[in-house]
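The next block holds one structure in the form of structure tokens; read it before the comments.
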């Protein structure tokens, strides 16, 4: 595990969300729109507004439709260029081909457009036909520094043994970030295994509803729980998981 505190990434849809995540102690923002499709590319105006609202790193989603296919890659490359012109410096992407393998043609086309910018390969990994082959295909891709994964298509509860095993493997390759149905109760096992990056969406909002804005209090619950568990300060994590943590523990993208 890293010598620094665990990284906490929060999904934001708006500048208001980004500010609340920052106030709550998040380390990074994943900026998306269209959560009914599990997150699509936001427009340039939203990117500009979010970048102006927070000093946190902001990773912008590059995804044009539901699922993990790469239809419209050329247009998405144009969009990536426009978002870079708007100030975006970090990104999130990931595509599978019809056989469920990493679509390296599409991924490489976008990484050329990103010109070395850091990026996350998102949960397409959890839907791949062969997880080991997919992870191997990701090695050495320019700019890739993080893989967001729940360990299984069904979420972290199903994928917890896989996440723990992968985190305990010899170091090398992109950083593993746990997310997708992540709950506070998952943190002790994940931290003990060596996971040091965590991603939440609905868990940052009151009642887990995407209709509600990000709550600084909910984010703070996770910040305290992570810091308390990572530092062995059980009381800190326990107190954070009190009133505000009840709902936050239940939900997460």
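In this note's numbering, the protein residues as written are 1422 to 1674. Even glycine gets a Cβ: it sits at the ideal position worked out from N, Cα and C. Remember, predicted model here, so these are calculated numbers, not experimental data.
Collapsed DSSP secondary structure at residue 1643 in the structure displayed: If DSSP states are grouped into helix, strand and coil, residue 1643 belongs with the helices.
Where residue 1443 sits in the DSSP three-state scheme: Reduced to three states, the DSSP call for residue 1443 is helix.
Presumed contact (8 angstroms Cβ cut-off) between residue 1644 and residue 1434, rounded CB distance: Not quite, the Cβ-Cβ distance comes to about 20 angstroms (not below 8 angstroms), so this is no contact.
DSSP-derived helix/strand/coil call for residue 1522: Here DSSP, grouped into helix, strand and coil, assigns residue 1522 to coil.
Between the CA atoms of residue 1554 and residue 1529 - distance to the nearest angstrom: Taking the straight line joining both Cα atoms gives about 17 angstroms.
Buried versus exposed call for residue 1630 [16 or more other C-beta atoms within 10 Å across all chains shown]: So residue 1630 counts as exposed.
Whole-Å CB distance - residue 1547 paired with residue 1574, under 8 angstroms assumed: Contact check for residue 1547 and residue 1574: beta-carbon distance about 5 angstroms, within the 8 angstroms limit, so the pair qualifies.
Identity of the residue in 1471, 1544, 1648, 1590 nearest residue 1572 by Cα: In terms of Cα proximity to residue 1572, the closest of 1471, 1544, 1648, 1590 is 1544.
Secondary structure of residue 1601, DSSP reduced to three states: In this structure, residue 1601 counts as coil in the three-state DSSP scheme.
Cβ pair residue 1594, residue 1549 closer than 7 angstroms: No, Cβ-Cβ distance for residue 1594 and residue 1549 is not below 7 angstroms.
CB of residue 1438 within 7 angstroms of CB of residue 1634, strictly: Yes, they are a contact pair.
Cβ pair residue 1511, residue 1563 closer than 7 angstroms: Result no, Cβ atoms of residue 1511 and residue 1563 do not sit closer than 7 angstroms.
Cβ-Cβ distance between residue 1452 and residue 1481 below 7 angstroms: Yes, they are a contact pair.
Identity of the residues DSSP links to residue 1631 by a beta bridge: For residue 1631, DSSP assigns no beta-bridge partner whatsoever.
Selection from 1503, 1577, 1427 that minimises the alpha carbon distance to residue 1448: Closest by alpha carbon: 1427.
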